[in-house]
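Heads up: the structure comes next, in structure tokens.
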Amino acid sequence: MARIISRGIEGVDGVSSVIRTVESEYADDAIIDIDELNGCDGLIIGSPTHFGNMAAP
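If you read the sequence shown in our numbering, its first letter stands for residue -7, the second for the next number, and so on.
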């Protein structure tokens, strides 16, 4: 799903996207710094699901 959303974003002139994945062993580490976050015009956050519910760890 993230790749499909990213392709749609990239289809707009002058707009770019970045996909970030957090591995469970690094879940407590920051994957983006405040300057990168401040530079975002939009932010999409997702979580995998299983039959409409959040996936188990």
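The C-beta atom is built at its ideal place from N, Cα and C for all residues, glycine as well.
Ends of the alpha helix (DSSP H) at residue i?
| i | result |
| --- | --- |
| Arg(-5) | Ala(-6) to Glu2 |
| Asp27 | Ile26 to Asn30 |
Report the rounded CA-to-CA distance for residue i versus residue j, giving the unit in angstroms.
| i | j | result |
| --- | --- | --- |
| Asp5 | Pro49 | 38 Å |
| Asp25 | Gly44 | 31 Å |
| Met(-7) | Val7 | 19 Å |
| Gly0 | Glu17 | 30 Å |
| Glu15 | Glu28 | 20 Å |
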